[in-house]
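Residue numbers (our numbering), protein chains in the order written: chain A, 1 to 230; chain V, 1 to 230. Data first, discussion second: the structure below is written as structure tokens.
Protein chains: 2
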Amino acid sequence: MYEVNGWKHVFKLDPDKTISDTELDKLCESGTDAIIIGGSDNVSEENVLNLMSRVRRFLVPCILEVSTIESVVPGFDLYFIPTVLNSNNPQWIVGLHKEAMKEYGEIMSAEEIVVEGYCIVNPDCKAAALTEAKTGLDLEDVKAYARVADSLLKLPIFYLEYSGMYGDPSWVKEVKKTLQNTTLFYGGGITNSSQAGEMSEHADVIVVGNAIYENFEEALKTVQAVKNDR
Amino acid sequence: MYEVNGWKHVFKLDPDKTISDTELDKLCESGTDAIIIGGSDNVSEENVLNLMSRVRRFLVPCILEVSTIESVVPGFDLYFIPTVLNSNNPQWIVGLHKEAMKEYGEIMSAEEIVVEGYCIVNPDCKAAALTEAKTGLDLEDVKAYARVADSLLKLPIFYLEYSGMYGDPSWVKEVKKTLQNTTLFYGGGITNSSQAGEMSEHADVIVVGNAIYENFEEALKTVQAVKNDR
């Protein structure tokens, strides 16, 4: 069993995007704590399997962040299941999860499943539109969702998702202070070492995604920025 | 810390209904594992405090099942927080919980909070209408919600709610089989010893509520029916 609460840095790879073998090699050997495979567009069994098999040449933990029931395949170390706490549509909170359990419940092991309590903060991102997220949250709202994840649902992960936009470090700091046991993931707009270091001062784990495809060398440096930071 | 997973029987008292001191004495001294205070109509700070203070003359654990934010008061051993897994309205899944955390998050202790994953099966009950529950569920749906509570959200309680109607024991048996760690509560239509014994063969904990107000002596006997049953 992998313990996410010791992690500091993960890369998130989008199965719908292209990455060379050389780059993948560098990411997997970078010292990052895990490779998460997940995206919101065109995630299919085929591109998930393809990317997993390429990551599996390395020893780094490999996680599937489940976005569609159809793309769930065996072979990952863990399955991250998002529940969008600030969604207006029950499907994104527990509805799709119930459908997944109906289909795969008997074969999935509870030990492999890690639920992420998402709070999507950036109103303009694709994820917010897709999941019908309640936007316009103030800091007190975000802290309240963090407490729902931590004190109420006792989820392993609270995922503060700025998706495509670099967030406010002072918010991340405040959210971290409200959490007792839940691990804080921060994702959104981290493109270089200095941002990685800044967010890592507050979040337990930072997620670097888009930057991999936009400025690979800078993205790669975020690992050391975080590891040196502590 | 009270461990619900060792319980077999609870009485649920409605703060909006009347019970005599003599009857309350009998319930509290009956050997039941806990008294839950909760209802769906006219639950107020005043009638909750009043009923709690009367139960507090006894040593039996006293739990508040939170139905409205306004009626949350200190002094209970545990706070049961329902999340209606089959609701069509996100307010009943995490929305009201977030509001409660916004208001009381800083003063509530995570150790006192126990989340109940409700699945409301009876389409005709007040609870189903109030929480906009998806009805017309088949057994596979109910088992899928049970797995969401158990394998995914890892909730302490899955509450199979027939509310006002005696359920199908074969369903309760099947639901129990799907649960690994989550404690199964059964509520609905238990009016006598024989029904209590039958449901208790499958559910971990049976909840006796309305019967207290309809046929007190029969309701009281459900405790021994369950305790003798094992």
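All C-beta atoms in this analysis are idealised placements derived from N, C-alpha and C, irrespective of residue type, glycine included.
Helix, strand or coil, according to DSSP, for Thr183/A in the structure here?
If DSSP states are grouped into helix, strand and coil, Thr183/A belongs with the strands.
request  = Kindly provide the ranges of any alpha helix (DSSP H) runs that are 4 or more residues long and lie completely inside the segment 126–188 of chain V, ordered along the chain.
outcome  = Along the segment 126–188 of chain V, the alpha helix (DSSP H) occurs as fully enclosed runs of 4 or more residues at 126–130, 139–147 and 169–178, listed in sequence order.
Alpha carbon to alpha carbon, what distance is there between Ser30/V and Asp141/A? In a straight line, the C-alpha of Asp141/A is about 44 Å away from that of Ser30/V.
Checklist entry - Buried or exposed: Gly14/V, going by 16 or more other Cβ atoms within 10 Å of its Cβ? => result The amino acid at residue 14/V is misidentified as Gly; the sequence shows Asp. Buried, since its Cβ has 16 or more Cβ neighbours within 10 Å.
Have a look at Leu64/V, Asp33/V and Ala196/V and flag the residue whose alpha-carbon is nearest the alpha-carbon of Val172/V. Of the listed residues, the one whose Cα sits closest to Val172/V is Ala196/V.
- Message: Using only the alpha-carbon positions, how far apart do Ala219/V and Asn192/V sit?
- Response: Their Cα atoms are separated by approximately 6 Å.
Legend entry - Cα-Cα separation between Glu214/V and Glu99/V, rounded to whole angstroms: Computed Cα separation, rounded: 35 Å.
Can you check whether the C-beta of Tyr145/A is within less than 8 Å of a C-beta belonging to chain V? At least one CB atom of chain V sits nearer than 8 Å to the CB of Tyr145/A.
field: Proximity below 8 Å, CB of Asn86/V to CB of Ala129/V
entry: Taking 8 Å as the Cβ cut-off, Asn86/V and Ala129/V do not qualify as a contacting pair.
Go ahead and label Arg230/V buried or exposed: buried means 16 or more other beta carbons lie within 10 angstroms of its beta carbon, across all protein chains shown. Since pLDDT at Arg230/V reaches only 49, below the 50 mark, its modelled position is unreliable, and the value read off the structure follows with that caveat. By the Cβ neighbour-count rule, Arg230/V is exposed, with fewer than 16 other Cβ atoms within 10 Å of its own.
Please go through the same chain and pick out, in chain order, the residues whose beta-carbon is closer than 6 Å to the beta-carbon of Thr131/A, but skip the five residues on each side of it. Here the set comprises Val84, Ser87 and Trp92.
Note to self: For a contact defined as C-beta to C-beta under 9 Å, what are the partners of Glu130/A on chain V?
What the structure shows: Checking the sequence shown, residue 130/A turns out to be Leu, not Glu. What Leu130/A touches in chain V: nothing, since even the nearest Cβ is about 15 Å away.
- prompt: Quick one: what does DSSP say Ser87/A is sitting in, helix, strand or coil?
  reply: Reduced to three states, the DSSP call for Ser87/A is strand.
Checklist entry - Taking only beta-carbon atoms, is Ile113/V less than 8 Å away from chain A? => result At least one chain A Cβ lies under 8 Å of Ile113/V.
Q: Run the CB neighbour count on Thr18/A, radius 10 Å, all protein chains shown included, and call it buried at 16 or more, exposed below.
A: By the beta-carbon neighbour count (other beta carbons within 10 angstroms, threshold 16), Thr18/A is exposed.
Original post:
Within this structure, are the beta carbons of Val73/A and Leu51/A separated by less than 8 Å?
Top reply: Here Val73/A is not near Leu51/A, since their CB atoms are 8 Å or more apart.
| message | Can you pull the chain A neighbours of Ile93/V, defined as C-beta to C-beta under 7 Å? | response | Correct list: Pro90, Ile93 and Val94.
- request: Say whether chain A places a C-beta atom closer than 8 Å to the C-beta of Gln180/V.
  value: Judged by the 8 Å Cβ criterion, Gln180/V is in contact with chain A.
Is His97/A helix, strand or coil by DSSP? Looking at His97/A - three-state DSSP - the assignment turns out to be helix.
Pick out whichever of Pro61/V, Val94/V and Ala211/V has its Cα sitting closest to the Cα of Tyr118/A. Ranking Pro61/V, Val94/V and Ala211/V by Cα distance to Tyr118/A puts Val94/V first.
| query | Which residue comes first and which comes last in the alpha helix (DSSP H) that contains Val223/A? | reply | Per DSSP, the unbroken alpha helix (DSSP H) holding Val223/A starts and ends at Phe216 to Asn228.
- Query: What are the boundary residues of the beta strand (DSSP E) that Lys12/V is part of?
  - Reply: Per DSSP, Lys12/V belongs to the beta strand (DSSP E) from His9 to Leu13.
Out of Lys26/V, Asp16/V, Phe158/V and Val10/V, which has the shortest C-alpha to C-alpha gap to Ser67/V? When each option's Cα is compared against that of Ser67/V, the closest is Asp16/V.
- prompt: What residues of chain V sit near Leu51/A, judged by a beta carbon separation below 8 Å?
  reply: Within chain V, no residue comes near Leu51/A; the closest Cβ sits about 24 Å away, beyond 8 Å.
*Compute the Euclidean distance between the alpha carbons of Lys12/A and Cys28/A, then round it to the nearest angstrom.*
Between the alpha carbons of Lys12/A and Cys28/A lies a gap of roughly 11 Å.
_Member of Thr183/V, Ala144/V and Leu139/V whose CA lies at the smallest distance from the CA of Gly167/V_ = Nearest option by C-alpha distance: Leu139/V.
**Message:** According to DSSP, is Tyr2/V part of a helix, a strand, or is it coil?
**Reply:** Residue state, collapsed to three classes: coil.
- So, helix, strand or coil for Gly197/V, using DSSP? Of the three classes helix, strand and coil, the one that applies to Gly197/V here is helix, per DSSP.
Review point. According to DSSP, what are the bridge partners of Cys62/A?
Key: Answer is Ile35/A.
Review point. Around the C-beta of Pro90/A, are 16 or more other C-beta atoms found within 10 angstroms, so that it is buried, or is it exposed?
Key: The residue in question, Pro90/A, is buried, as its Cβ has 16 or more Cβ neighbours within 10 Å.
Burial state of Thr316/V (16 or more Cβ within 10 Å):
Since the first residue of chain V shown is 1 and the last is 230, residue 316/V is not available in this structure.
Margin query: Short of 6 Å in beta carbon distance, which residues of its chain neighbour Cys125/A, apart from the five on each side in sequence? Order them along the chain.
Written below: Around Cys125/A: Ser163 and Gly164.
(request) Check each candidate in Asn210/A, Gly38/A and Pro169/A and name the one with the smallest Cα separation from Ser194/A. (result) For the residues Asn210/A, Gly38/A and Pro169/A, the minimum Cα distance to Ser194/A belongs to Pro169/A.
| task | Look up Ile212/V in the DSSP assignment and say whether it is helix, strand or coil. | result | The answer is helix: DSSP assigns Ile212/V an H, G or I state.
Just list the residues that DSSP pairs Leu78/V with in beta bridges. The partner list for Leu78/V (beta bridge, DSSP) reads Ile63/V.
**Q.** Backbone CA spacing between Ile107/A and Arg147/V [nearest angstrom]
**A.** Ile107/A and Arg147/V: Cα-Cα distance of roughly 11 Å.
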